[in-house]
Amino acid sequence: MSRIAYVNGQYVPHAQAGVHIEDRGYQFADGVYEVCEVRGGHLVDERRHMARLVRSLGEIRIRLPMSLTALGIVLRETVRRNRVRDGLVYLQVTRGVARRDHYFPDPSTSPAIVVTARASDPAKADALAGQGIAVITVPENRWERVDIKTVGLLPNVLAKQAAKEAGAREAWFVDRDGRITEGGSTNAWIVTGEGRLITRHADNAILRGVTRTVMMEVAEKLQLRVEERAFTVAEALAAKEAFVTSATNFATPVVRIDGQPIGDGKPGRVARALRETFHQVAEIAP
Ligand code: PDD
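Using our numbering, count along the sequence shown one by one with no gaps and you end on 688.
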């Protein structure tokens, strides 16, 4: 079956889908994106992803080129045309096409919008979570507004590639004070010896993950206490458990950090319980 992409008002074969060479996303990474899980053909936490999209766009002063209702229809249509039951839908909005010049283009320039959808195998993701993942730590070298979900992800790409080359799956950024901010494409969590969940407070130094927000509700349902604060690498190494969250990972246990086992070196009970309960709490749209 051939894949279909939505590009600026048209559904086109994925293999031929393209944007102009002077799209500002291509020239300057001048755009934002969202990744939303698709489960059983339905969008997961669409409302929160759209709210974050609107916020990201507002922070960099790009207007959404269509209504949220219309966008919801495009997301669903892209999922449907690609026959995705389980997987993800990707959405990107850039400042549009204009002669290369750092200043914003003329206000009449239309923002560009691309939507793609891709299937993934839930059994594979569950198998990975059953094994747990390794992470490495890397110095934080991103800009100070990573709360905006921009497509400018070069430090994340380099950090994740370094993780891969070290036999790990994720890289955790560590700020100058030795505190973990977040992963290259996930939020970072630990579970203390007393069973408390710790994840960094959502300031400008992390992306406020939708999964992170929903996981707070999951924790409440499971009567687990959450502390939103920075934690150090030393605390993470001494933790009972660690895990990461994102729209495509839900909660995935971390079993090694920089080669050192966390807890007993196996996926922890808390991370497993959070993962199993996640979709009872997440909003699954019709
Ligand atoms: N990544 N932090 C970063 C830097 C991220 O890129 C992401 C998401 C998250 C988790 O956010 P959420 O729970 O809303 O998915 C945290 C997406 C999945 C990606 O880039 O593919």
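Cβ atoms here follow ideal geometry from the backbone N, Cα and C, with glycine treated the same way. Just so it is clear, the structure is predicted and the values come from calculations on it, not from any experiment.
Legend entry - Alpha-carbon to alpha-carbon, E637 and R405: 45 Å
Inset, instruction - Check whether the region 528-545 touches the region 406-425, taking contact to mean three or more Cβ pairs, one atom from each stretch, closer than 8 Å. - result: no
Legend entry - Chain-order list of residues whose beta-carbon lies under 6 Å from that of I608 (same chain, five-residue window excluded): T583, E584, R602
Inset, instruction - Give me whichever residues DSSP pairs with T539 in a beta bridge. - result: W574
Legend entry - Distance between P513 and A570 (C-alpha atoms, nearest Å): 37 Å
Legend entry - Straight-line Cα distance separating E546 from D605: 10 Å
Legend entry - Straight-line gap, P669 to Q429 (C-alpha atoms, nearest Å): 42 Å
Legend entry - Q662 - DSSP class collapsed to helix/strand/coil: strand
Inset, instruction - Measure the beta-carbon distance from V553 to G661 and round it to whole angstroms, keeping in mind my assumption that it falls under 8 Å. - result: Actually they are not in contact, since the Cβ atoms of V553 and G661 sit about 32 Å apart, beyond 8 Å.
Legend entry - Burial state of P663 (16 or more Cβ within 10 Å): exposed
Inset, instruction - Would you decide whether S458 is buried or exposed? Buried here means 16 or more other CB atoms lie within 10 Å of its CB. - result: buried
Inset, instruction - Flag V657 as yes when its Cβ comes closer than 7 Å to any non-hydrogen atom of ligand 1, and as no otherwise. - result: no
Legend entry - Simplified DSSP state of I462, which is helix, strand or coil: coil
Inset, instruction - Please confirm if the region 481-496 is in contact with the region 434-441, defined as three or more CB-CB distances below 8 Å between the two stretches. - result: yes
Inset, instruction - Could you name the residues that DSSP lists as bridge partners for Q625? - result: Per DSSP, none; premise fails for Q625.
Legend entry - Short Cβ contact (8 Å threshold) for R485 with I464: no
Inset, instruction - Please indicate yes or no: does the CB of G611 lie closer than 7 Å to some heavy atom of ligand 1? - result: yes
Inset, instruction - Determine, using beta-carbon pairs with one atom in the region 611-618 and one in the region 647-658, whether at least three such pairs fall under 8 Å. - result: yes
Inset, instruction - With a threshold of 7 Å, establish whether the CB of R614 neighbours any heavy atom of ligand 1. - result: yes
Inset, instruction - Pick helix, strand or coil for D579, following the three-state DSSP scheme. - result: coil
Legend entry - Own chain residues within Cβ distance below 7 Å of V476, not counting five before or after: Y408, V517
Legend entry - Cα-Cα separation, E572 to A640: 19 Å
Inset, instruction - Would you check if the distance between the CB atom of V657 and the CB atom of G532 is smaller than 8 Å? - result: no
Legend entry - Outcome for A453 when other beta-carbon atoms lying within 10 angstroms are tallied against a minimum of 16: exposed
Legend entry - Alpha-carbon to alpha-carbon, D425 and R671: 46 Å
Inset, instruction - Look up D692 in the DSSP assignment and say whether it is helix, strand or coil. - result: Given a span of 403 to 688 for the chain in the structure shown, any question on residue 692 remains unanswerable.
Inset, instruction - For N410, I'd like the list of residues in its chain whose CB is within less than 7 Å of its CB, leaving aside the five on either flank, ordered along the chain. - result: A514, I515
Inset, instruction - Could you please give the first and the last residue of the uninterrupted alpha helix (DSSP H) stretch that includes Q533? - result: 524-533
Legend entry - Per-residue burial, E556 [other beta carbons within 10 Å of its own, 16 or more giving buried]: Sequence check: residue 556 is Leu here, not Glu. Looking at its Cβ environment, which holds fewer than 16 other Cβ atoms inside 10 Å, L556 is exposed.
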